[in-house]
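The number in the working numbering is simply the position in the sequence shown, starting from 1, with 3 added.
Backbone N, C-alpha and C define an ideal beta-carbon position, used for all residues, glycine too.
Quantities reported herein were computed from a predicted structural model and do not represent experimental measurements.
Notes follow once the structure below has been shown.
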Amino acid sequence: MKKNQLFLAMMLGFSSCGMMAQEAAYQQVWSADKGDGTFVNPIVNADFPDPDVIRVGDTYYMASTTMYHFPGATILKSKDLVNWEYCANPLKQILDNNAYNLMNGEHHYAQGMWASSLQYHDGKFYYYFPCSTWSKDSQSILLTAEDPEGEWKDTRLNEAYHDPGWLFDDGENGDGYLYIACGIGDIWVNKMNAKTLKKMDSKKVLSVGNGCEGSHMYHIGDYYYIYATYGGTERSQTIFRSKNPMGPYEEHSGRVFANQNIHQGALVQTQTGEWWTIMFKDIYCSSGTIGRIPCLEPVKWVDGWPVIGNNGTDVSANGKGYKKPDVGQTYEKTYLTTNDAFVDGQLGLQWEWNHNPDNSAWSLTERPGFLRLHTTNVTSELNTARNSLTQRIMGYSPNGTSSGSYKNSYGTVKMDLSGMQEGDVAGLAVFQNPYSFIGVKMVKGKKKLYSERNSFNSQNLKREETKTGAEVKADVIYLRAVVNFGSKSCKYYYSYDNNKWTTWGVSMTTGYTLDYFVGQRFFLFNYATKHLGGYVDFDWFTTEQDFSEEMFGIQNPTDAYTEDDLTMDALEAGKTDLKMLSGNVEALEVMCTTKSGMQQNVAAECTYEISNANVATVSGGRLIAVSDGETEVKATYQDLYGNKKSVTFQVKVATFALDKQLFNPD
Numbered sequence: 004m005k006k007n008q009l010f011l012a013m014m015l016g017f018s019s020c021g022m023m024a025q026e027a028a029y030q031q032v033w034s035a036d037k038g039d040g041t042f043v044n045p046i047v048n049a050d051f052p053d054p055d056v057i058r059v060g061d062t063y064y065m066a067s068t069t070m071y072h073f074p075g076a077t078i079l080k081s082k083d084l085v086n087w088e089y090c091a092n093p094l095k096q097i098l099d100n101n102a103y104n105l106m107n108g109e110h111h112y113a114q115g116m117w118a119s120s121l122q123y124h125d126g127k128f129y130y131y132f133p134c135s136t137w138s139k140d141s142q143s144i145l146l147t148a149e150d151p152e153g154e155w156k157d158t159r160l161n162e163a164y165h166d167p168g169w170l171f172d173d174g175e176n177g178d179g180y181l182y183i184a185c186g187i188g189d190i191w192v193n194k195m196n197a198k199t200l201k202k203m204d205s206k207k208v209l210s211v212g213n214g215c216e217g218s219h220m221y222h223i224g225d226y227y228y229i230y231a232t233y234g235g236t237e238r239s240q241t242i243f244r245s246k247n248p249m250g251p252y253e254e255h256s257g258r259v260f261a262n263q264n265i266h267q268g269a270l271v272q273t274q275t276g277e278w279w280t281i282m283f284k285d286i287y288c289s290s291g292t293i294g295r296i297p298c299l300e301p302v303k304w305v306d307g308w309p310v311i312g313n314n315g316t317d318v319s320a321n322g323k324g325y326k327k328p329d330v331g332q333t334y335e336k337t338y339l340t341t342n343d344a345f346v347d348g349q350l351g352l353q354w355e356w357n358h359n360p361d362n363s364a365w366s367l368t369e370r371p372g373f374l375r376l377h378t379t380n381v382t383s384e385l386n387t388a389r390n391s392l393t394q395r396i397m398g399y400s401p402n403g404t405s406s407g408s409y410k411n412s413y414g415t416v417k418m419d420l421s422g423m424q425e426g427d428v429a430g431l432a433v434f435q436n437p438y439s440f441i442g443v444k445m446v447k448g449k450k451k452l453y454s455e456r457n458s459f460n461s462q463n464l465k466r467e468e469t470k471t472g473a474e475v476k477a478d479v480i481y482l483r484a485v486v487n488f489g490s491k492s493c494k495y496y497y498s499y500d501n502n503k504w505t506t507w508g509v510s511m512t513t514g515y516t517l518d519y520f521v522g523q524r525f526f527l528f529n530y531a532t533k534h535l536g537g538y539v540d541f542d543w544f545t546t547e548q549d550f551s552e553e554m555f556g557i558q559n560p561t562d563a564y565t566e567d568d569l570t571m572d573a574l575e576a577g578k579t580d581l582k583m584l585s586g587n588v589e590a591l592e593v594m595c596t597t598k599s600g601m602q603q604n605v606a607a608e609c610t611y612e613i614s615n616a617n618v619a620t621v622s623g624g625r626l627i628a629v630s631d632g633e634t635e636v637k638a639t640y641q642d643l644y645g646n647k648k649s650v651t652f653q654v655k656v657a658t659f660a661l662d663k664q665l666f667n668p669d
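Pasting the structure below:
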């Protein structure tokens, strides 16, 4: 990986390699590939809803909805439609505001990125989705790239299309149009100029009601197809066809896939001419609270209509294998990464932040080999704690989800608590509705075991149970969550030696509601209830039942870096003239550039000299406006080798400022 790419990975959480090569050596892995030329559903046993799938050359790409998690808009890649691995998280953020930053009591739970369309046309990937359709912050985003694992351009569009299906179509005359099928109940087709994306025509082509949505559009043979779902009612798949993209459309005489809780997805053709579809299995089936999980079904065409699965039922419903797609050759198994030792200088692609991260308050280089989480806001709830790092909880079942049999899903962290301050709460959570966690809380100068369970029904948070335990006298503790999707249970454990485990904390029956609208996730978190300034270090996270650091092959965490990677070359302030409203808090940006070209925001690691502390103070890399006035702030950073540099900036604080930088007339 090039150094400028490593900077992007560190800042946003991208990873092109992660622990993928080692994942197959672990015991707790999911594979739909039975190893005998057959597969079982689901192809990915975790929450990857609203799939859209395309093939480019010999590689398949699957896009999935990530709502309010960033970096998001996850793309997986595969060579055979059965074995998948991470490709990219190209969405850096939707907006930089209170709701997406979990500030001032605002949030975007159940909102953010919704169902998308992924297309490849004329050498370019197009990834389009509407966002936050329940609020005034609605956005319509188009991401484009020539290399899906490289840089993506972010373009904001004026009009949003619900559950869009994009189709680039040259037509009979090679005119070059883009058609977008979209809507719910009423389905519209929008005709666009393929190059300028300017709308040329828009027509309501269907009015079928019944929650019909999730449209994907195709031109196959003589027909244009709109492949959609009655997702809000029947959770079944249907299809419409016409010989004209603008209609009129006729609907298939019956549901092409019904009564399986499997629906809303995409059609794709292999190199050998086979047709397949990937749809998600819904949350209300035997998968319990895991989320919405992708399933693969064969497609045959009869009289211009698709016949899906086993005449409309899941081909692996009996738990037996079904022949894998013919893609021209056989590929080895791959596994989605779940483990991380935090030694790569980058977060693995399995990780996403809950809402926008505060990039000044986390680091992988402040203590090489550890993920350091500084407290970044004062709150009483995990629900509103910034910089909670999340990943989907994988399900593990030897016979596919149809059997209803699940093994336990484990999440374990090793934490160093020595940087905690009074009132800080840090630990490991299992997050949906309800959510719960096991952690450590600093109470009157003593670290104590602490656990909570809370619910978030109808967007109102209710604390259901809390538990405070014995004093934690060691600086290092191991915390574990054990989830079973079959029994919908969650239990917690702690250890001081990663060998002897003690059951402790509140228990939980896992649930799933639309208040969060995503599947179960593990959270690594650290938040302040009193004041900022504390931090914790996560040494590693694993999904293995039995784990040791030797399994990661860890010798010295700094081996992942060269000396030039960690030696400061320059220090710069993001802003040299800051204007703030009295009482506000702003994350500082103090960028360190190393000799190798790596960059990182080191604001939380700096020491500060403030000429007038009555005007402003700094805590944990965040500037706190105290009272009206002006002050100079000097930030000094020292790298691991003792090299020091300083930058200064001016701060002006006002209670009521008629300044375009501060005054918002809304």
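In chain order, what residues of the same chain lie with their CB nearer than 8 Å to the CB of residue i, ignoring the 5 residues before and after it?
i: ILE61; result: Here the sequence assigns Asp to residue 61, which means Ile is not the residue at that position. Cβ neighbours of ASP61 beyond the five flanking positions: LYS82, GLN274, VAL330 and GLY331.
In whole angstroms, give me the CA-to-CA distance for residue i and residue j.
i: ASN457; j: ARG389; result: 17 Å
i: THR658; j: VAL539; result: 34 Å
i: ILE281; j: GLN267; result: 8 Å
i: PHE488; j: CYS298; result: 17 Å
i: GLU254; j: LYS80; result: 32 Å
i: ASN48; j: ASN359; result: 26 Å
i: PHE17; j: HIS222; result: Annotation note: pLDDT 34 at PHE17 (below 50); position unreliable, no value reported.
i: SER498; j: GLN394; result: 22 Å
i: SER19; j: GLY351; result: Since pLDDT at SER19 reaches only 35, below the 50 mark, its modelled position is unreliable, and no value is offered.
i: VAL479; j: GLY442; result: 12 Å
i: LEU591; j: GLY600; result: 21 Å
i: VAL629; j: SER383; result: 22 Å
i: SER319; j: VAL433; result: 30 Å
i: TRP304; j: ASP500; result: 59 Å
i: GLN31; j: LYS494; result: 18 Å
i: ALA269; j: THR340; result: 24 Å
i: PRO93; j: THR532; result: 33 Å
i: THR77; j: GLY414; result: 21 Å
i: LYS156; j: SER490; result: 43 Å
i: VAL192; j: TRP169; result: 10 Å
i: TRP365; j: ILE613; result: 23 Å
i: MET13; j: GLN602; result: With a pLDDT of 36 at MET13, under the threshold of 50, the modelled position of this residue cannot be trusted, and the question is left open.
i: LEU84; j: ASP347; result: 29 Å
Once you ignore the five residues that flank residue i on each side, which residues in its own chain have a CB closer than 7 Å to its CB?
i: LYS201; result: MET195
i: ASN107; result: ASN101
i: GLY430; result: PHE440, ILE441, GLY442, VAL443, LEU482 and PHE528
Assuming residue i and residue j are in contact, meaning their beta carbons sit under 8 Å apart, how far apart are those beta carbons, in whole angstroms?
i: GLU277; j: PRO328; result: 6 Å
i: GLN142; j: ILE97; result: 6 Å
i: SER119; j: ASP53; result: 7 Å
i: ASN342; j: THR546; result: 6 Å
i: TYR129; j: LEU145; result: 7 Å
i: TRP504; j: ARG483; result: 7 Å
Confirm, please, whether the CB-CB distance from residue j to residue i is below 8 Å.
i: HIS438; j: THR292; result: Correcting the residue identity first, residue 438 is Tyr in this sequence and not His. Result no, Cβ atoms of TYR438 and THR292 do not sit closer than 8 Å.
i: THR378; j: ASP419; result: no
i: TYR112; j: ASP361; result: no
i: ARG244; j: ASP285; result: no
i: ALA1; j: SER363; result: This structure cannot speak to residue 1, because the chain is shown only from 4 to 669.
i: VAL621; j: LEU574; result: no
i: GLY40; j: GLY294; result: no
i: PHE42; j: TYR325; result: yes
i: VAL588; j: ILE627; result: yes
i: GLN435; j: THR513; result: yes
i: LYS582; j: TYR611; result: no
i: LEU105; j: ILE57; result: no
List the residues that DSSP assigns as beta-bridge partners of residue i.
i: CYS215; result: TYR233
i: MET583; result: VAL656
i: TRP191; result: CYS185 and LYS207
i: ILE57; result: TYR64
i: VAL32; result: Per DSSP, none; premise fails for VAL32.
i: PHE550; result: According to DSSP, which records beta bridges pairwise, PHE550 is partnered with nothing at all.
i: TYR497; result: LEU482 and THR505
i: CYS595; result: LEU574 and GLN603
Quick one: what's got a C-beta closer than 6 Å to residue i's C-beta in the same chain, skipping five residues either side?
i: ASN357; result: SER391 and THR393
i: THR469; result: GLU455
i: ASN380; result: ARG389
i: TYR64; result: ILE57, ILE78 and LYS80
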